[in-house]
Amino acid sequence: MQDLINQHLAAIAAHAASTPDEVEQFRIKYLGRKGILNDLFEAFKVVPGDQKKLLGQELNKLKNAVQEKLDAMQSASSASTRNTEAFDLSRPTGTVPLGTRHPLAIVRREILDIFSRMGFTVADGPEIEDDWHVFSGLNFPPEHPARDMQDTFFIHKPEQEGEKEMVLRTHTSSVQVRAMENQKPPIRIVMPGRVYRNEAVSSRAHCQFHQIEGLYIDEGVSFADMKQTLQYFTQEFFGKAKIRLRPSYFPFTEPSAEMDVYWGLNSEADYRITKGTGWLEIMGCGMVDPAVLSASGIDPERYSGFAFGMGIERITMLRYQVDDLRMFFENDVRFLRQFQG
Ligand code: DAH
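Position 164 of the sequence shown, counted from 1, bears residue number 162 in the numbering used here, the numbering being contiguous throughout.
What follows is the structure, given as structure tokens:
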């Protein structure tokens, strides 16, 4: 058996194969089911015990030699095909499919762009926030329902004196407070970001979504300035000129309003989405409550300002007539590919 192995080792070393077919024949000859190696391992089973150790090592040597030879021949043969005319390395590649921007990103960018034309700059803040920036600093009384377990995701409940309650922010209004604490007026910023609410997922609600917040503080800022700013935004974004401000309530603004845009009643869809009124609610807004200004260290006697906040999902749904919010979070490329911008 030793002789046989030696013969094969010599044959392998001398073997030459140039085409892929020949390489394959070599593989079958040695490694195939009825190949030489299988035969030898069969024969090995009946070898007397005292020779097993040595012959076993020899057999393994042969097996490795076969594998090495095969690898060498395979890489040589693929290198030679690569150098033939079948491969023209100077040819241009096929087109690489480009991804598309997410519809929420397209709309966010467009909104920020419109406000930047009015002199607003972009600011942001943390998604994990303390109670002060999300609620107390915005005039939410301690028992306000928005703090309720049903709405807010709590990250950390204080266990000792001096620890802060940490939550996932439920709105981007928290960034207003940070901005007012850190900057001196005039402040003119828009604040896009992700927010979280403990809500059941449906076609109209999600536990994680996006808002854009706006804040403008300076001397002599009036309600009329707010209306003009929002009117300009609506005209630029939706191409619709008619808005109305409906009285509303938010703890951090006084007076507070909801802004509706006149969508029209030109199609069946218009009737459906406006519930037959022609009007659509777009955002919340109002004059920053003097108590909020002073809590952040801004003198309400000298400065005034307005704030507004809108949901990016809602606006994107209106813009593209998407009727299920979950589409934005499923990452189905068949959906996402339809948006260009
Ligand atoms: N933070 C409010 C919300 O999440 C939206 C909002 C309303 C923001 C009025 C504002 C505002 O800045 O003035 O529903």
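The C-beta atom is built at its ideal place from N, Cα and C for all residues, glycine as well. None of the values given here were measured: they were computed from a predicted structure.
Taking the Cβ atoms as the reference, residue 188 lies roughly 6 angstroms from residue 210, within the contact range of under 8 angstroms. Spatial neighbours of residue 105 in its own chain (CB-CB distance under 7 angstroms, excluding positions within 5 residues in sequence) are listed in chain order as 310, 313, 314, 317. With fewer than 16 other beta carbons inside 10 angstroms of its own, residue 220 counts as exposed. Residue 92 carries a coil assignment under DSSP once its states are collapsed to helix, strand and coil. Sequence-distant Cβ neighbours of residue 113 in its own chain, meaning closer than 6 angstroms and more than five residues away, are 188. Counted as a single uninterrupted DSSP element, the stretch harbouring residue 224 is not any beta strand (DSSP E) but the alpha helix (DSSP H) occupying residues 221 to 236.
Setting aside the 5 residues that flank it on each side, residue 126 is surrounded in the same chain by 153, 164, 165, 166, 167, each with a C-beta closer than 8 angstroms to its C-beta; the list follows chain order.
The C-beta of residue 259 has 16 or more other C-beta atoms within 10 Å across all chains shown, which makes the residue buried. For the alpha helix (DSSP H) assignment, the uninterrupted runs of no fewer than 4 residues enclosed by the stretch 243 to 323 are, from N- to C-terminal side, 266 to 271, 288 to 293, 310 to 318. When DSSP states are grouped into helix, strand and coil, residue 128 belongs to the strand group. Inclusion of residue 305 in the 6 angstroms shell around the ligand DAH follows from its C-beta lying nearer than that to a non-hydrogen atom of the ligand. With fewer than three CB-CB distances shorter than 8 angstroms, the stretch 317 to 337 does not count as touching the stretch 214 to 234. Residue 186 sits in a strand when the DSSP states are folded into three classes. The C-beta of residue 60 has 16 or more other C-beta atoms within 10 Å across all chains shown, which makes the residue buried.
For the pair residue 68 and residue 25, the CB atoms are nearer than the 7 angstroms cut-off. The stretch 34 to 41 makes contact with the stretch -1 to 11; the number of CB pairs closer than 8 angstroms reaches 3 or more.
Contact between residue 183 and residue 216 holds, since their C-beta atoms are separated by about 5 angstroms, short of 8 angstroms. Distances between the C-beta of residue 123 and the heavy atoms of the ligand DAH are all 6 angstroms or more. The nearest non-hydrogen atom of the ligand DAH is 6 angstroms or more from the C-beta of residue 131.
Within the same chain, 204, 206 come within 8 angstroms of residue 327 by CB-CB distance, once the 5 residues on both sides are set aside. In the same chain as residue 234, and ignoring 5 residues on each side of it, the C-beta atoms closer than 7 angstroms to its own belong to 112, in chain order. Under the three-state reduction of DSSP output, residue 6 falls in the helix class. Taking a contact as a CB-CB distance under 8 angstroms, the pair residue 286 and residue 250 counts as one, their CB atoms being some 7 angstroms apart.
Distance check between residue 64 and each of 101, 22, 85 places 22 closest, using alpha-carbon atoms only. DSSP places residue 199 in the coil class of the three-state scheme, outside both helix and strand. Taking C-beta separations shorter than 7 angstroms and ignoring five residues to either side along the sequence, the partners of residue 108 in its chain run 235, following chain order. Within the same chain, 98, 99, 100, 101, 104, 318 come within 8 angstroms of residue 337 by CB-CB distance, once the 5 residues on both sides are set aside.
DSSP places residue 173 within a helical segment (H, G or I) once states are collapsed to three.
The continuous stretches of alpha helix (DSSP H) do not include residue 44, and DSSP gives it neither H nor E. Residues of the same chain with a CB within less than 8 angstroms of the CB of residue 277, apart from the 5 flanking positions on each side, are 242, 258, 259, 260, 261 in chain order. Residue 164: member of the beta strand (DSSP E) spanning 164 to 166, first to last residue. As computed with DSSP, residue 209 is found in a beta bridge with 191, 309. When secondary structure is reduced to three states using DSSP, residue 152 falls in the strand class. Scanning its chain for C-beta atoms nearer than 8 angstroms, with the 5 sequence neighbours on each side dropped, one finds around residue 322 the residues 201, in chain order.
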